[in-house]
Amino acid sequence: MSYTSRLTKAIIDLDALVKNYQYIASLSSNSNTIAVIKADAYGHNASKVAQALSTEVNILAVAFIDEALALRADGINTKVLVLEGPLKETDIELALDNNFALMLHSDYQLGWLKSISPEFSGDIWLKVDTGMNRLGFQVEQVDHVMSQLSAVQISNLVLCSHYATADQIDCIRPSKQLEKLKALVAKYGCKFSMANSAGILNWPESHGHYNRLGLALYGASPIGKSPKTRALIPAMTLQANIIAIHTVKIGESVGYGNNWQAQRDTMLATVAIGYADGYPRNAKSGTPVYINGALAPLVGRVSMDMITVDITDLIHTKIGDTVELWGKNLNIDIVAQNSDTINYELLTRVSKRVPKTFVN
Ligand SMILES: *Cc1c(COP(=O)(O)O)cnc(C)c1O
Numbered sequence: 033m034s035y036t037s038r039l040t041k042a043i044i045d046l047d048a049l050v051k052n053y054q055y056i057a058s059l060s061s062n063s064n065t066i067a068v069i070k071a072d073a074y075g076h077n078a079s080k081v082a083q084a085l086s087t088e089v090n091i092l093a094v095a096f097i098d099e100a101l102a103l104r105a106d107g108i109n110t111k112v113l114v115l116e117g118p119l120k121e122t123d124i125e126l127a128l129d130n131n132f133a134l135m136l137h138s139d140y141q142l143g144w145l146k147s148i149s150p151e152f153s154g155d156i157w158l159k160v161d162t163g164m165n166r167l168g169f170q171v172e173q174v175d176h177v178m179s180q181l182s183a184v185q186i187s188n189l190v191l192c193s194h195y196a197t198a199d200q201i202d203c204i205r206p207s208k209q210l211e212k213l214k215a216l217v218a219k220y221g222c223k224f225s226m227a228n229s230a231g232i233l234n235w236p237e238s239h240g241h242y243n244r245l246g247l248a249l250y251g252a253s254p255i256g257k258s259p260k261t262r263a264l265i266p267a268m269t270l271q272a273n274i275i276a277i278h279t280v281k282i283g284e285s286v287g288y289g290n291n292w293q294a295q296r297d298t299m300l301a302t303v304a305i306g307y308a309d310g311y312p313r314n315a316k317s318g319t320p321v322y323i324n325g326a327l328a329p330l331v332g333r334v335s336m337d338m339i340t341v342d343i344t345d346l347i348h349t350k351i352g353d354t355v356e357l358w359g360k361n362l363n364i365d366i367v368a369q370n371s372d373t374i375n376y377e378l379l380t381r382v383s384k385r386v387p388k389t390f391v392n
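Using the working numbering, the letters of the sequence shown map in sequence onto residues 33 to 392.
This is the structure we're talking about:
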């Protein structure tokens with residue numbers, strides 16, 4: 033985008049990404065820390081993130097082949113792990129041609145691999161369902177899968193599983209899941225990968241040959257407030273500007289509906305961001321925004337292109353001032369909690385019409 037009249041933007045701090053990566057990687061220095069950049073790097077721009085990390089990272093991960101091909105089209109040559117594996121037969125050849133590692137989770141994928149490319153020479157990751165019950169071979173199937181795979185040439189075989197509750201430190205499930213994976217690892221003598229961001233932070237015993245770092249790379253915490261996440265730097269700052277200021281009398285409401293009434297004569301700022309930009313429509317009155325060093329509460333409903341904020345107590349605020357919706361000055365978790373969602377969803381749903389600016 034070359035001309036921009038509206039100042040709404042997401043500022044992406046690439047240096048913060050590098051620092052977050054280095055910090056998290058230092059927590060498991062014997063593991064290869066994979067940077068998970070699916071969903072356009074959680075809304076941060078996958079190719080830019082890949083470039084910024086190119087000297088740190090030797091494996092990237094995305095959800096499906098299209099995301100991996102988009103990286104190649106942008107000149108990213110790092111190995112890419114495709115977390116959902118082939119979803120079409122032709123994905124197998126694409127993987128071979130492009131140095132993609134494939135995660136296999138179902139029999140149909142195994143069938144394609146054997147029939148299309150028994151001479152497949154890439155990396156294969158086997159996803160085992162150790163209790164999340166979403167994706168992966170059952171533990172009892174692994175014997176059979178291994179015997180099928182013995183007919184295929186593989187340069188590197190990794191056993192992998194995914195935590196359902198790694199964020200819950202007092203939960204028994206993560207240990208049960210890890211136990212199941214480790215039993216298979218001992219049996220087959222393979223490399224393994226269990227930990228996502230929360231696994232890396234909460235479950236050191238889950239650190240494998242490979243860990244899969246997503247959310248924390250972007251400076252958001254998968255485990256809430258913790259001393260371990262204090263060093264993370266939010267990589268995205270979402271901001272917009274005040275385009276109008278007006279006053280309403282006590283008892284009046286604002287915007288669509290009437291779910292908020294002024295408890296006093298109120299100075300309102302209208303800010304140029306709405307749910308079409310990815311600011312959550314669910315955000316309740318009272319959700320803070322950050323203006324000129326102070327917090328002010330959202331009031332009324334979030335519109336498609338605008339929100340309204342009570343700036344009665346911020347007397348120097350004027351039209352044109354910058355408002356931070358989340359970022360370095362306002363933790364995204366607070367916005368997520370006020371919107372009945374999680375930081376992951378907020379980051380990934382910032383929409384295309386919000387331009388990104390990259391800083392180092
Ligand atoms: C998205 C994803 C990750 C990264 O998870 P975070 O919680 O963001 O660290 C790891 N592994 C798999 C299989 C994933 O799909």
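Glycine included, each C-beta is placed from N, C-alpha and C at the ideal position.
No Cβ-Cβ contact shorter than 8 Å links L158 with I124.
Between ligand 1 and L379, a heavy atom-to-CB distance of less than 7 Å is absent. Between the stretch 44-56 and the stretch 254-269, the count of C-beta pairs closer than 8 Å reaches three or more; the two stretches touch. Counting along the chain, the unbroken alpha helix (DSSP H) around R104 starts and ends at 97-105.
Here I66 is buried, its C-beta having at least 16 other C-beta atoms within 10 Å.
If you check the CB distance, K388 and I108 do not come in under 8 Å. Between V331 and S317, the beta carbon gap of about 5 Å places them in contact (Cβ cut-off 8 Å).
Separation of L191 and I156 (C-alpha to C-alpha, rounded to the nearest whole angstrom) is 9 Å. Take G287, set aside five residues on each side of it, and the residues of its chain with a beta-carbon closer than 7 Å to its own are G332, R333, S335, T340, in chain order.
Between L357 and Y307, the C-beta gap is not smaller than 8 Å, which leaves the two residues out of contact.
For the pair A82 and N62, the Cα-to-Cα distance works out to about 22 Å.
I351 places its beta carbon less than 8 Å from that of I277.
The shortest CA-to-CA distance from I148 to any of A127, G246, G163 is the one to A127.
Closest option to K223, judged by alpha-carbon separation, among Y195, L189, Q209, H239: L189.
Looking at the DSSP output, Y322 bridges to L327, E356. For a cut-off of 8 Å, the C-beta gap from R244 to A93 is around 6 Å, short enough to register as a contact.
With respect to the C-alpha of Q173, the residue from L216, A198, A183 having the closest C-alpha is L216. DSSP places L59 inside the alpha helix (DSSP H), whose first and last residues are 46-59.
Rounded to whole angstroms, the separation of the alpha carbons of N131 and L247 is 24 Å.
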